[in-house]
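1 is the number of the first residue of the sequence shown in full-length UniProt numbering; add one for each residue after it.
Okay, structure first, notes after.
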Amino acid sequence: MVVTSAATVESNYDRESELMAIDRSKAGIKGLVDAGLAKLPRVFVHDHLNPEVKSRPPNANIEIPVIDLGGVTNDSTRRAEVINEIRNACQKWGFFQAVNHGIAATTLEEMISGIRRFHEQEPEAKEELYSRDESKKVTFNTKIDMSQALTAYWRDTLTCVMAPQPPAPGELPSACREIMLNYTNNVMNLGLTLFQLLSEALGLNPDHLKEIGCAEGLYVMGHYYPACPEPELTMGTGIHTDSGFLTVLLQDQMGGLQVLHDNQWIDVTPIPGALIINLGDLLQLITNDKFISVYHRVLAKNIGPRISIASFFRTYIQPENALRMYGPIKELLSEENPPLYKETNVVDYFKFKHVKGVEGTSALAHFKL
Ligand code: OGA
Ligand code: NI
1 MVVTSAATVE SNYDRESELM AIDRSKAGIK GLVDAGLAKL PRVFVHDHLN
51 PEVKSRPPNA NIEIPVIDLG GVTNDSTRRA EVINEIRNAC QKWGFFQAVN
101 HGIAATTLEE MISGIRRFHE QEPEAKEELY SRDESKKVTF NTKIDMSQAL
151 TAYWRDTLTC VMAPQPPAPG ELPSACREIM LNYTNNVMNL GLTLFQLLSE
201 ALGLNPDHLK EIGCAEGLYV MGHYYPACPE PELTMGTGIH TDSGFLTVLL
251 QDQMGGLQVL HDNQWIDVTP IPGALIINLG DLLQLITNDK FISVYHRVLA
301 KNIGPRISIA SFFRTYIQPE NALRMYGPIK ELLSEENPPL YKETNVVDYF
351 KFKHVKGVEG TSALAHFKL
């Protein structure tokens, strides 16, 4: 039997009602900041944060790999080099920054501006989208982590499920409708190129990852991290791994994203025009640990806002896609490389991830054989 102390019940109760109040306001964190808030509501105070967690990385000279994708489609020598660099980055880091990726700098800038416009418009214009209903394709809300007894993060997010079927244009907020469609088309094309390069880096047929559906679903999250009055008490995004196959992340120049590498937190320094590419848990699972999905987080800051757009290639939770089984790719297995994971479908995978919450241990361990 689990015994819950009165204190825990009391604090859970507080948290829940504080969160409900934030949800009821439908104005997100930005609404709190605009109202002149000087102290963090308790629900944002992460009791488990300690000075070590918030410290700067001990070695600020280490950077995640930067890979120049220029020439990958028309220069076979260059393509082979890039595949080697990608293999190395995916084995050791699970993260890299891509430059010359083919998406125009103006498109990236306009996407950041569009997400900023959405979050900075009148609260009334965002209100109707405020929701936690995951069956909706377009929602706006403040991030909550269920696993930390309802802890909130210092971040508002607009989520749009853009593939396999984009929402009807009228469902997308007018503040960023056009650029959302344009940017997403570009990210889809880049994703297809990346899945080819990843397939080749694994020694598979270039179309392998695409053929098993890795590029079918695209969830786009436009994050807005307002300046925080007490950044040391909370987090912008807690420690987590991404769940899908691959994430393409566009960040502005504020910084704050950190990746765990060899037990050290490494800053992902903003590079103008670059995109951050990282692998999700399901890619680690299907590659049988050849490629890794690693922990990352975003620190809260007392300056802001910081804007980032995370585009997740992950299966759309719909009956026909959701029941597809994913396990270690047979071609990657041998007597020396037996399967490390059991097969799962995305419904079960995300169900488990949700129970576990965002922060803490990766859900992958649950699917280990
Ligand atoms: C995410 C994420 C990082 C960022 O959305 O999963 O890690 O910089 N975002 O916002
Ligand atoms: Ni992430």
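All residues carry an ideal CB built from backbone N, CA and C; glycine is no exception.
Computed from a predicted structure; not experimentally measured.
Per-residue burial, Ser199 [other beta carbons within 10 Å of its own, 16 or more giving buried] | buried
Are the CB atoms of Thr287 and Ile329 nearer to each other than 8 Å?
-> yes
Go to Gly238, then tell me how far its beta strand (DSSP E) extends in each direction, as first and last residue.
-> 235–240
Do Thr193 and the ligand OGA come close, with the Cβ less than 7 Å from some heavy atom?
-> no
Using DSSP with H/G/I as helix, E/B as strand and the rest coil, what is residue 373?
-> The first residue shown for the chain is 1 and the last is 369, placing residue 373 beyond what the model contains.
How would you write the range of the beta strand (DSSP E) that Cys160 sits in, first residue to last?
-> 151–163
Looking at Ala227 and Asn302, is the spacing between their C-beta atoms short of 8 Å?
-> yes
Indicate, with yes or no, if the ligand NI has a heavy atom lying under 7 Å from the CB of Ala104.
-> no
Nearest-angstrom Cα separation, counted from Cys176 out to Ile83 = 34 Å
For the ligand OGA, list every residue whose C-beta falls under 6 Å from any of its heavy atoms, going in chain order.
-> Met221, His223, Thr237, Asp242, Leu249, Gln251, Leu257, His296, Val298, Ser308, Ala310
Can you tell which of Lys30, Pro41, Arg15, Val99 has the C-alpha that lies nearest to the C-alpha of Leu249?
-> Val99
Nonlocal neighbours in the same chain, by C-beta distance under 8 Å from Thr344, ignoring five residues either side | Leu285, Met325, Tyr326, Gly327, Phe367
Are the Cβ atoms of Phe313 and Leu218 separated by less than 8 Å?
-> yes
Given a threshold of 16 other Cβ atoms within 10 Å of its Cβ, counted over all protein chains shown, does Ala7 qualify as buried or as exposed?
-> Note on Ala7: pLDDT 40, under 50, position unreliable in the model; the coordinate value appears next. Exposed, by the Cβ-count rule.
For the alpha helix (DSSP H) that Met221 lies in, which residues bound it at each end?
-> Not the alpha helix (DSSP H): Met221 falls in the beta strand (DSSP E), residues 218–225.
Do you know offhand how far Lys290's Cα is from Gln91's?
-> 6 Å
Pair every Cβ in the region 161–171 with every Cβ in the region 195–214, then say whether three or more of these pairs are closer than 8 Å.
-> no
According to the Cβ coordinates, are Ser311 and Asp252 closer than 8 Å?
-> no
Please go through the same chain and pick out, in chain order, the residues whose beta-carbon is closer than 6 Å to the beta-carbon of Pro223, but skip the five residues on each side of it.
-> Note that residue 223 corresponds to His in the displayed sequence, not to Pro. Excluding residues within five positions, the ones whose Cβ falls inside 6 Å are Arg155, Thr157, Ser308.
When the distance is taken between beta carbons, is Gly31 closer than 8 Å to Pro123?
-> yes
Have a look at Thr4 and Leu150 and give me their C-alpha separation to the nearest angstrom.
-> Model confidence at Thr4 stands at a pLDDT of 36, short of 50, so the residue's coordinates are unreliable and nothing is read from them.
Span of the beta strand (DSSP E) holding Lys143?
-> 138–145
Sub-8 Å separation of Ser342 and Leu364 beta-carbons | At residue 342 the sequence reads Lys, which differs from the Ser that was named. No, these two residues do not count as a Cβ contact at 8 Å.
Leu323 burial status per 10 Å Cβ neighbour count (16 or more: buried) = exposed
Taking the alpha-carbon positions, what's the Thr247 to Thr234 distance?
-> 24 Å
Keeping to the same chain, check which residues put their C-beta closer than 7 Å to that of Phe352; ignore five residues upstream and five downstream.
-> Ala363, His366
Check whether Ala105 and Gly244 have beta carbons under 8 Å apart | no
Would you check whether the ligand NI has a heavy atom nearer than 7 Å to the C-beta of Thr247?
-> yes
Per-residue DSSP class, three states only, for His261 | strand
C-beta contact flag for Val294 and Gly94 at 8 Å = yes
Check each candidate in Gln258, Glu336, Arg116, His296 and name the one with the smallest Cα separation from Asp242.
-> His296
Which of helix, strand or coil does DSSP assign to Asn278?
-> strand
Nearest-angstrom Cα separation, counted from Phe118 out to Glu171 | 14 Å
Relative to the C-alpha of Leu204, which residue among Glu18, Glu331, Ala38 is closest?
-> Glu331
Who does Arg306 pair with in a DSSP beta bridge?
-> Tyr225
Member of Asn61, Ile62, Thr139 whose CA lies at the smallest distance from the CA of Ala27 | Thr139
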